[in-house]
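For reference, each letter of the sequence shown is one residue, going 14 to 411 in the numbering used here.
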Amino acid sequence: MNDLDWAEFSPQTRAVRAGHRRTAEGEQGEPIFPTSSYVFASAAEAAARFSGEQPGNIYSRFTNPTVRNFEERLAAMEGGESCVATSSGMAAILATCLGLLKSGDHIVSSQSIFGTTNVLFNKYLANLGISTTFVVIDDLAAWQAAIQPNTKLFFLETPSNPLTQLADIRALADLAHQHEIIFAVDNCFCTPALQRPLEWGADIVIHSATKYLDGQGRCIGGAVVGDKERVGKEVYGFLRSAGPTMSPFNAWVFLKGLETLHLRMKGHCESALALATWLEQHPAVERVYYPGLKSHPQYELAQRQQSGASGIVSFEVKGGQEAAWQVVDATRLLSITANLGDSKTTITHPATTTHGRLTPEERAAAGIGDNLLRVAVGLEALEDIQADLARGLDALAD
Ligand SMILES: *Cc1c(COP(=O)(O)O)cnc(C)c1O
14 MNDLDWAEFS PQTRAVRAGH RRTAEGEQGE PIFPTSSYVF ASAAEAAARF
64 SGEQPGNIYS RFTNPTVRNF EERLAAMEGG ESCVATSSGM AAILATCLGL
114 LKSGDHIVSS QSIFGTTNVL FNKYLANLGI STTFVVIDDL AAWQAAIQPN
164 TKLFFLETPS NPLTQLADIR ALADLAHQHE IIFAVDNCFC TPALQRPLEW
214 GADIVIHSAT KYLDGQGRCI GGAVVGDKER VGKEVYGFLR SAGPTMSPFN
264 AWVFLKGLET LHLRMKGHCE SALALATWLE QHPAVERVYY PGLKSHPQYE
314 LAQRQQSGAS GIVSFEVKGG QEAAWQVVDA TRLLSITANL GDSKTTITHP
364 ATTTHGRLTP EERAAAGIGD NLLRVAVGLE ALEDIQADLA RGLDALAD
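#1: Straight-line CA distance for residue 238 to residue 185?
#2: At a threshold of 8 Å, does residue 170 count as lining ligand 1 (C-beta to nearest heavy atom)?
#3: Are there any heavy atoms of ligand 1 lying less than 8 Å away from the beta-carbon of residue 104, as far as the coordinates show?
#4: Is the beta carbon of residue 282 within less than 8 Å of some heavy atom of ligand 1?
#5: Quick one: give me the first and last residue of the beta strand (DSSP E) that residue 302 is part of.
#6: Can you tell me where the beta strand (DSSP E) holding residue 329 begins and where it ends?
#7: Consult DSSP for residue 116 and reduce its assignment to one of helix, strand or coil.
#8: Using 10 angstroms around the beta-carbon of residue 208, count the other beta-carbons present and answer buried if the total reaches 16, otherwise exposed.
#9: For residue 201, which of helix, strand or coil comes out of DSSP?
#10: Tell me the start and end of each unbroken alpha helix (DSSP H) in the segment 165-195 that is at least 4 residues and wholly inside, in chain order.
#11: By the 10 Å Cβ neighbour count, where 16 or more other Cβ atoms means buried, how is residue 217 classified, buried or exposed?
#12: Under a three-way DSSP split, which group does residue 106 fall into?
#13: Ligand 1 and residue 10: does any heavy atom of the ligand fall closer than 8 Å to the residue's C-beta?
#14: According to DSSP, what are the bridge partners of residue 96?
#15: Anyone know if the C-beta pair for residue 330 and residue 276 falls short of 9 Å?
#16: Using DSSP with H/G/I as helix, E/B as strand and the rest coil, what is residue 366?
#17: Decide if residue 411 is buried, meaning its Cβ has at least 16 other Cβ atoms within 10 Å, or exposed.
#18: Specify the secondary structure class of residue 397 as computed by DSSP and reduced to three states.
#19: Do residue 326 and residue 289 have their C-beta atoms within less than 9 Å of each other?
#20: Got a sec? Which residues, its chain only, sit under 7 Å from residue 280 by beta carbon, not counting five neighbours each side?
#21: I'd like to know whether the C-beta atoms of residue 244 and residue 194 end up nearer to each other than 9 Å.
#22: Are residue 349 and residue 389 closer than 9 Å when you measure CB to CB?
#23: Tell me which same chain residues have a C-beta within less than 7 Å of the C-beta of residue 210, skipping the five on either side of it?
#24: If you check the beta carbons only, do residue 19 and residue 37 fall under 9 Å apart?
#25: Can you give the Cα-Cα distance for residue 404 and residue 295, rounded to whole angstroms?
#26: Closer than 7 Å by C-beta to residue 112: which residues in its own chain qualify, once you throw out the five before and the five after it? Chain order, please.
#27: For residue 61, I'd like the list of residues in its chain whose CB is within less than 8 Å of its CB, leaving aside the five on either flank, ordered along the chain.
#28: Specify, as a first and last residue, the run of the alpha helix (DSSP H) that residue 281 falls within.
#29: Going by DSSP in three states, residue 81 sits in which element: helix, strand or coil?
#30: Which residues does DSSP list as the beta-bridge partners of residue 220?
#31: Among residues of its own chain, excluding the 5 on either side of residue 101, which ones have a beta-carbon nearer than 8 Å to its beta-carbon?
#32: Are residue 70 and residue 51 touching if we call contact CB-CB under 9 Å?
#33: Leaving out five residues on either side along the sequence, give the residues of the same chain with a beta carbon under 7 Å from the beta carbon of residue 141.
Written as structure tokens, this is what we have:
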């Protein structure tokens, strides 16, 4: 089955089978190779491996069969030539930036990105002489205006967190390529089951495997997918030198996660849409943000670019922080945590958690109100999730 051409198969089939090189044992399940190094048949073979004359394993910071299995499977799912797995989603973003950029380069990034990515750009990359301009995700003119002669990278997440704003990937890819800029999309929210940015012209896809790829909140990991030159050579080169590689055990957990990804994402999407529809008509709810709702300002783009709207639903309640906290504290089933992409539904109040370090002015500019809540809809029965939210919301409406 190693010899199959995965391009002939649907992404759902690739998610279940791609990348497994069955060993002489004939195993059905993917093996874990917990080994730090590899042995050679002779001094000459060792020399040939080290010189690069002969391909093959040397050391697990460079390559590991279980990690490679995960990399090949995810590459097949995203439709990329190469994939490198990393120890976390942040390591994937770091490896992309340090593998492809140098001092004096400039990034244009969506302002609506994961908080830690913001710290990485604003503090650590800035310290190395790599500067970043932040723009509104769906303002194409702002992306264009932010381009400088030294701009090397466009970076974004779509849909954004927590307001589910979308970027038009095709339009931004065209703009980036007119200026020879590399375009990277963090595809954490949609996963390749719902959105494949490379097909819309992006150059690089980044993942926090910690979220939906695992799907059950077990392991930390990440990945970068793209072409052979930039990802297979440059990002990989950084990774094998700097070291934040994925462990074989985590790679195996993610492999198992990928096998159920399409089914899980279907479940997340179905429940999220039903919940968002219910929230929209609830008297205690002022506004719902979910790309699967016709009321979403970019509903058409979501329909075109994604095959599902994913599991993140945000909504504003009538009242302020106190009302929002009441809804959180009235839950009994939902996990009060900022994580997402888990089979267990989570609820968070962005203004005092994920976006708590922003000033009130910055939060207002980002559209994060004190009355905003974000739910990452899990795989419990919809009626139980809904009842858990209804308890607090009904009390507000009375
Ligand atoms: C969680 C997350 C990351 C960081 O991933 P880790 O695995 O926690 O390092 C990056 N981007 C997005 C969109 C995320 O949600």
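Where a beta carbon is used, it is the ideal one built from N, C-alpha and C, also for glycine.
Working from what's here:
#1: 18 Å
#2: yes
#3: yes
#4: no
#5: 298-302
#6: 325-330
#7: coil
#8: buried
#9: coil
#10: 182-191
#11: buried
#12: helix
#13: Since the first residue of the chain shown is 14 and the last is 411, residue 10 is not available in this structure.
#14: 238
#15: no
#16: coil
#17: exposed
#18: helix
#19: yes
#20: 392
#21: no
#22: no
#23: 182, 198, 200 and 218
#24: no
#25: 12 Å
#26: 247, 248, 250 and 251
#27: 67
#28: 274-293
#29: helix
#30: 236
#31: 221, 223, 233, 234, 235 and 257
#32: yes
#33: 116
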